[in-house]
Amino acid sequence: MSVTVRIPTQLRTLTGGSGEVSVEGSTVGEVLKALDAAHAGFADRLFDESGELRVADTAEEIERWCGPCRSHYPHVEDEPAGHDEG
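Now the structure itself:
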């Protein structure tokens with residue numbers, strides 16, 4: 003199945019500037035693997051060293067993987083999601 007993936011501005015260098023790309027896949031995993039196969043470099047940004055999908059808890063983590071984001075996503079907070087001071 004062909005899927006259109008919207009690419010955040012910070013990752014468009016990997017797609018030659020394209021904001022959307024089409025890849026084949028029936029699952030999210032297949033789509034992400036196809037995205038990296040078609041546009042090398044996505045796996046380094048999307049998966050950790052053990053091959054697990056990265057989950058960003060803070061804006062700092064997003065910036066480390068994708069580049070500066072606060073100007074594009076000002077709603078991203080520095081505290082982890084669900085963080086409770088106690």
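Throughout, this note's numbering is defined as the position within the sequence shown, counted from one, plus 2. Virtual Cβ for every residue (Gly too), placed ideally from N, Cα, C. Keep in mind that this is a model prediction, so the values were computed, not measured.
As assigned by DSSP and simplified to three states, the class of C57: Before going further, note that residue 57 is Val rather than Cys in the sequence given. Three-state DSSP puts V57 in coil, outside helix and strand.
Unbroken beta strand (DSSP E) run spanning E22, endpoints: E22 to E26
Beta-carbon proximity list for G88, same chain, < 7 Å, skipping 5 on both sides: At G88, the pLDDT of 46 sits below 50, so the modelled position is not reliable; the number obtained from the coordinates is stated separately. Correct list: empty, nothing qualifies.
Residues bridged to T15 (per DSSP): Note: T15 sits in no beta bridge, so no partner.
For G27, the nearest candidate out of L13, A40, L48 and T17 (CA to CA): A40
Distance between P10 and V30 (C-alpha atoms, nearest Å): 17 Å
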